[in-house]
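Residues -27 to -1, 1 to 177 (mature numbering (1 follows the signal peptide of the UniProt record, and there is no 0)) are what the sequence shown spells out, left to right. For every residue, glycine included, the Cβ atom is placed at its ideal position computed from N, Cα and C. A short write-up of the structure that comes next.
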Amino acid sequence: MNHQVWKWTAGSLAIMGLLSGCGTQQAAHTTPVSTTEKTISAPVTKSPLATMDFVNGFMKPYDVKPLFAHQIVNASGQTIQMPTTKPLLFFAWWCPHCHAALKNLQQLGDLKDVELVSVYLDANGKTVTTLAQAKALTASGLHEAGISVPASAIDYVMPTSPINNIIQGVPMIVGKVDHTWVAMDGEPTHPMHIWADVIHRVRG
């Protein structure tokens, strides 16, 4: 199964061309190939909020019922329902596309505006059976990528959870626009707007 997912590139922080990202098949069966992300050359600025037309062009309605039917684990070890107060950003500790997305958000100061959910924990020959292992792998992957996120700010989808099969690739954002749940549906081929537009327009 070859899933196409969103990858937000650096450069001018614009959302660019269609490409393959990190999918479930790759996470389960192969060692992800390390890539060198482009250096951000343009100054980081926040543009005005996107219009509804922008959101409609980049996302589509998303049925959250299968996703929300299952629980996740927070950093304290509590089993919780999927948070809905912020947009949900699903990522994998080993995924270079996720690292690029998180770096952009970190530089924009917008990591606080998303609910980070770590998925696809079993990868690169690692087998996760405990929350401690999940936290350690996630922290290590983010640290190596130069991303500073406190452990308390991350929720976890353990390898046995059906959520790993529901999420079709990473990075993936799920959130609300005008009371409608939307999600990313592949990357547009035309450049438009920056990370801040997406995060501040799509609310949980």
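Cβ neighbours of residue 40 within its own chain (closer than 8 Å, five residues either side excluded): 55, 136, 139, 140, 147.
For residue 39, the enclosing alpha helix (DSSP H) has its first and last residue at 38 to 41. In the structure shown, the three-state DSSP call for residue 83 is coil. Within 10 angstroms of the beta-carbon of residue 114 lie 16 or more other beta-carbons, which makes it buried. In the three-state scheme derived from DSSP, where H, G and I count as helix and E and B as strand, residue 140 is classed as coil.
Annotated as distal: residue 78 and residue 90, with beta-carbon spacing of 8 Å or more. The closest CA to that of residue 66, considering only 96, 37, 38, 45, is found on 96.
When the beta-carbon positions are compared, residue 121 and residue 48 stay at least 8 Å from each other. Restricting attention to alpha helix (DSSP H) runs no shorter than 4 residues, the stretch 108 to 139 encloses them at 136 to 139, ordered along the chain.
Out of -6, 74, 106, the CA that lies nearest to the CA of residue 119 is found in 74. Judged by their CB atoms, residue 127 and residue 111 are nearer to each other than the 8 Å cut-off.
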